[in-house]
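Quick note on my numbering: the sequence shown kicks off at 22 and runs consecutively.
Cβ coordinates follow ideal geometry from the N, Cα and C atoms, glycine included.
First up is the structure itself, then whatever we jot down about it.
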Amino acid sequence: MAISNIWYFLSGLTLLSALMVVLAKNPIHSVLYLVFTFFCISGHYVLLNAQFLMAVNIIVYAGAIMV
């Protein structure tokens with residue numbers, strides 16, 4: 022039960038931050054929302070017991086955008 026609540030919470034955060042990527046007028050804010058979206062997706066990978074995909078997602082995608 023707790024896992025499904027975390028899943029729905031992360032899904033809501035992911036959808037909200039992905040929507041803010043498109044709607045943000047400032048490009049810097051848009052990039053920060055995109056990085057937050059990648060971290061939320063990494064949280065989904067952890068819930069699916071795919072820790073390697075989580076690490077790759079953070080290192081490759083979120084890490085490259087933050088630089």
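query	result
For residue 22, three-class secondary structure by DSSP	coil
Residue interval of the alpha helix (DSSP H) (run including residue 77)	72-77
Under 8 Å between C-beta atoms of residue 42 and residue 55	yes
Where residue 68 sits in the DSSP three-state scheme	helix
Spatial neighbours of residue 28 in its chain, beta-carbon cut-off 8 Å, leaving aside the 5 residues before and after	65 and 68
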